[in-house]
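Residue numbers (this note's numbering): 257 to 542.
Even glycine gets a Cβ: it sits at the ideal position worked out from N, Cα and C.
Source: prediction; values computed, not measured.
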Ligand code: PRT
Ligand code: ZN
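Encoded structure:
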């Protein structure tokens, strides 16, 4: 059985559980105080932990896998195998100053006091920039440090930027971009049965991920337009073409990448496509 550590309650919890559910791992409705749960649909057990504890649990092999932000892994310096970026929990770790404080380059931080809960990542970055600054470790509400006179700058997680804005701060350096990742314990490598289970789970995750990046597309077209439309919609191998009841017309089915969708849609119409339907894909294995 695989043990998978996920965040108990926080920004990654819901997306982690949803991803596992999309991969067929059904988690029984757990009471809020629960630390462990056995899932159905896959031989796995979940550990619900604080995100800060996940790297250590996985590094030690108490959990085989974990879902956690890259920012936490880097801060803890844990030796883990990063198996898969998961496309959620996206954020950046940035330095911000009070509005009106001038900033030209990292050298502007020389001798300044910087408040953060990410002391290790900050220290490494300052060292790389050859800047000496005073690092003030605080565990929460970093953004208020400058206004209460505790620091000249902060180094914290930013996503929309609204927290900085509300606190009269502006971002001057993005030090790290982060997202949630699936990590494995080095111990999994030594266990054939567990490695097979990890591979099976990754296979499912990739099918889910691919399905989210692609759409199924159906359209009608006059037969003479089929070559041009096929070039626009190569699909997984090539599109399916079925004759319509009306002679001289066909229905063409294919797969299209979400990020090129709007651009290709215009080209399809120009090529003669009509009655275009685009539907979500539940799972996709190529
Ligand atoms: O209790 P536990 O220790 O498990 O949780 P936590 O409070 O330490 O972490 P949590 O749940 O806040 O975040 C978990 C992970 O989500 C982080 O480690 C990041 O990898 C990721 N993540 C993504 C974020 C954000 N976006 C985010 N916006 N983590 C924190 N924030 C906070 C940030 O600290 C700041 O206060 O949101 C604020 C900034 O957001 P914007 O949108 O105003 O810029
Ligand atoms: Zn935490």
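In whole angstroms, what separates the C-alpha of residue i from that of residue j?
i	j	result
residue 395	residue 349	15 Å
residue 318	residue 376	24 Å
residue 331	residue 540	35 Å
residue 514	residue 387	43 Å
residue 479	residue 493	20 Å
residue 464	residue 278	7 Å
residue 489	residue 470	12 Å
residue 453	residue 259	11 Å
residue 403	residue 368	15 Å
residue 506	residue 534	17 Å
residue 483	residue 524	11 Å
residue 481	residue 467	28 Å
residue 293	residue 399	36 Å
residue 282	residue 456	16 Å
residue 411	residue 267	19 Å
residue 326	residue 359	28 Å
residue 347	residue 448	35 Å
residue 261	residue 357	42 Å
residue 497	residue 486	10 Å
residue 265	residue 520	40 Å
residue 384	residue 351	15 Å
residue 373	residue 393	5 Å
For my contact list, residue i and residue j are in at a C-beta cut-off of 8 Å; report their separation, rounded to the angstrom.
i	j	result
residue 472	residue 355	Contact flag wrong, Cβ pair sits at about 48 Å.
residue 532	residue 475	4 Å
residue 508	residue 428	In fact, because the Cβ distance is near 51 Å, the residues do not count as touching under 8 Å.
residue 417	residue 477	Not quite, the Cβ-Cβ distance comes to about 45 Å (not below 8 Å), so this is no contact.
residue 491	residue 510	4 Å
residue 414	residue 420	6 Å
Which residues in the same chain have their Cβ closer than 8 Å to the Cβ of residue i, if we skip the five residues on either side of it in sequence?
i	result
residue 271	342, 344, 345 and 436
residue 451	444 and 445
residue 263	269, 272, 304, 305, 306, 307, 310, 323 and 324
residue 336	311, 314, 315, 322, 329, 439, 440, 441 and 442
residue 275	323, 342, 344, 461 and 464
residue 536	467, 471 and 472
Excluding the five sequence neighbours on either side, which residues of its own chain have a C-beta within less than 6 Å of the C-beta of residue i, listed in chain order?
i	result
residue 365	387 and 389
Near residue i, what residues of its chain come up, given a Cβ to Cβ distance below 7 Å and the 5 sequence neighbours on each side ignored?
i	result
residue 339	438, 439, 440 and 458
residue 291	303 and 304
residue 512	470, 471, 473, 489 and 520
residue 504	478 and 479
residue 499	506
Across the region 287-300 and the region 401-413, are there enough close Cβ pairs to call them in contact, namely three or more that are closer than 8 Å? No, the region 287-300 is not in contact with the region 401-413.
Can you list every residue whose CB sits closer than 5 Å to some heavy atom of the ligand ZN, going in chain order? Output, sorted by chain position: 307 and 308.
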